Amino acid sequence: MIQNQTFIGVNLTDAMDAVIVQSGVVPQIITKSPYKPKIIAGIPAYNEEQFISEIVRKTSRFVDEVIVVDDGSTDRTVQVAEAAGATVIRHKVNRGAGAATETCFKEARKRGADVLVTLDGDGQHNPDEINDVAGPALSGEADLVIGSRFIENHNNMPIYRRLGINVITWLCNFGSKERITDTQCCFRAYGKKAIHTLGSNEEGFGFSIDLLIQSRDKDLNIAEVPISCIYHSDCHTENPVTHGLGVAYSVLKFRLKSRWNALTNTPSKKPDAIVSESDVRPMNGSPALADRTAMPN
């Protein structure tokens with residue numbers, strides 16, 4: 024209810040009543056809008072000129088800023104991503120998916136993100152599912168949300184890939200009270216607590232295991248949501264056996280490291296110390312760490 028107030032001899036309530044009588048329009052009281060969480064999407068990309076434009080454009084509908092981390096691409100990934108409206112961060116050389124994801128974390132911290140959504144730049148993940156993945160992080164239900172390809176059965180996954188992921192997931196879950204159905208999926212959402220406490224030195228695909236184990240060690244809340252996945256026959260050139268063995272090795276390495284840290288009370292490294300500024304190439308001759316070109320409104 025608006026109370027009577029006088030300003031320079033004029034009763035404001037009477038003046039407003041006169042306006043209402045003459046116009047028939049009830050004035051609205053302007054209040055401060057509620058806080059809107061800042062959502063940033065981080066997309067690691069290496070030679071993804073074929074898919075990156077569509078991924079950026081679709082992703083931008085659901086987030087406040089799209090950051091593409093170009094991991095030393097030799098094609099037109101940078102130009103295509105910029106044209107689609109992304110902020111592009113460039114690595115000097117190809118360092119791996121883990122290093123590119125860590126740069127996403129670093130940029131999310133610098134930009135004050137409340138939620139960081141990560142997804143692949145090769146067209147495997149559907150940006151239309153971002154709301155589903157980010158939802159539990161936005162509501163505070165979870166600090167880490169993993170998109171799972173196994174909660175709902177998606178038969179388009181190659182058999183060799185399914186078997187490999189199942190073995191790696193079993194190794195990761197063995198001896199743990201918490202059962203994760205898909206430890207390898209990179210379509211994830213990280214809440215603010217996770218953004219500021221997680222970080223990995225693992226440059227290859229083992230980073231997803233590292234971040235999951237760290238989340239367990241730090242007692243972060245973890246949730247999974249079902250997602251779909253599209254597989255392109257020409258997306259991966261690495262031998263699947265070599266890749267699988269490498270990730271399995273990472274599982275054992277990080278689980279032993281986790282156990283050792285627990286026994287010796289060894290603290291984790293601070294996230295901001297993990298990626299150095301020398302690892303990232305400034306854009307357009309700028310001395311800054313990264314190009315700050317904002318997305319168009």
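Heads up: the sequence shown begins at 24 in the numbering used here, then just goes up one per residue. Note that the Cβ used here is the ideal one computed from N, Cα and C, for glycine as well. The structure presented is a predicted model; accordingly, all values stated were derived computationally and were not measured.
Status (buried if at least 16 other CB within 10 Å, exposed otherwise) for serine 171: Counting Cβ neighbours within 10 Å, serine 171 comes out buried, since at least 16 surround it.
Could you name the residues that DSSP lists as bridge partners for proline 67? Proline 67 has Val92 as its beta-bridge partners, per DSSP.
Whether leucine 139 touches tyrosine 213 by CB criterion (8 Å): In this structure, tyrosine 213 lies closer than 8 Å to leucine 139 by Cβ.
In angstroms, rounded to a whole number, what distance separates the CA positions of serine 162 and leucine 221? Approximately 20 Å between the Cα atoms of the pair.
Run the CB neighbour count on isoleucine 253, radius 10 Å, all protein chains shown included, and call it buried at 16 or more, exposed below. When all chains shown are included, isoleucine 253 counts as exposed.
Measuring CA to CA, which of Gln237, Phe228, Ile188 and Ala157 is closest to aspartate 87? It is Ala157 whose Cα lies nearest to the Cα of aspartate 87.
Give me the Cβ distance between alanine 106 and serine 83, rounded to the nearest whole Å; I'm assuming they're in contact under 8 Å. Wrong, their Cβ atoms sit about 13 Å apart, outside the cutoff.
The beta strand (DSSP E) spanning valine 168 covers which residue range? It spans 167-171 - the beta strand (DSSP E) in which valine 168 sits, taken as one unbroken run.
Report the rounded CA-to-CA distance for alanine 120 versus lysine 215, giving the unit in angstroms. Whole-angstrom Cα-Cα distance: 22 Å.
Cα-Cα, which of Glu71, Arg132 and Val89 is closest to isoleucine 63? Distance check between isoleucine 63 and each of Glu71, Arg132 and Val89 places Val89 closest, using alpha-carbon atoms only.
Tell me the DSSP bridge mates of isoleucine 174? Beta-bridge pairing links isoleucine 174 to no other residue.
Assuming the contact rule is C-beta atoms closer than 8 Å, alanine 68 and aspartate 94 should be a hit. Round their C-beta distance to whole Å, please. Correct: roughly 7 Å between the Cβ atoms.
Quick check on the burial criterion: 16 or more other C-beta atoms within 10 angstroms. Buried or exposed for threonine 100? Under this definition threonine 100 is a buried residue.
Please classify arginine 202 as buried or exposed, where buried requires at least 16 other C-beta atoms within 10 Å of its C-beta. By the 10 Å Cβ count, arginine 202 comes out exposed.
Terminal residues of the continuous beta strand (DSSP E) containing proline 249? 245-249 is the span of the beta strand (DSSP E), which, as asked, contains proline 249.
Taking C-alpha atoms, which residue in Lys115, Val116, Leu142 and Asn117 lies nearest to cysteine 127? The residue with the shortest Cα to Cα distance from cysteine 127 is Leu142.
Whole angstroms are fine: how far does the CA of glycine 146 sit from the CA of alanine 131? Distance between the alpha carbons of alanine 131 and glycine 146: 22 Å.
Residue environment, histidine 114, which counts as buried when at least 16 other CB atoms sit within 10 Å: With 16 or more other Cβ atoms from the protein chains shown falling within 10 Å of its own Cβ, histidine 114 counts as buried.
Continuous beta strand (DSSP E) stretch holding isoleucine 112: start and end: Counting along the chain, the unbroken beta strand (DSSP E) around isoleucine 112 starts and ends at 110-114.
Residues that DSSP places opposite tyrosine 213 in a beta bridge: Bridge partners of tyrosine 213: Leu139 and Leu167.
Rounded to the nearest angstrom, what separates arginine 118 and serine 199 at their Cα positions? Their backbone Cα atoms lie some 31 Å apart in a straight line.
Counting C-beta neighbours from all protein chains within 10 Å, is the total for aspartate 166 16 or more, i.e. buried, or is it exposed? Classification of aspartate 166: buried, given that the 10 Å Cβ count is 16 or more.
Just to confirm the assignment, what range does the alpha helix (DSSP H) spanning threonine 126 have? Threonine 126 -> alpha helix (DSSP H) spans 120-133.
What is the rounded straight-line gap between the Cα of proline 150 and the Cα of lysine 241? So the alpha carbons of these two residues sit roughly 29 Å apart.
Given glycine 227, which residues of its chain have a CB within under 6 Å of its CB, disregarding the five upstream and five downstream residues? Only Gly119 and Gly121 meet the Cβ criterion.
Of the residues Asn189, Asn70, Ala109 and Ile174, the one placed nearest alanine 246, counting alpha carbons only: Closest option to alanine 246, Cα to Cα, is Ile174.
Roughly how many angstroms lie between the CA atoms of alanine 296 and glutamate 125, to the nearest whole one? For alanine 296, the pLDDT reaches just 45, beneath the cut-off of 50, and the residue's location in the model is therefore unreliable, leaving the point undetermined.
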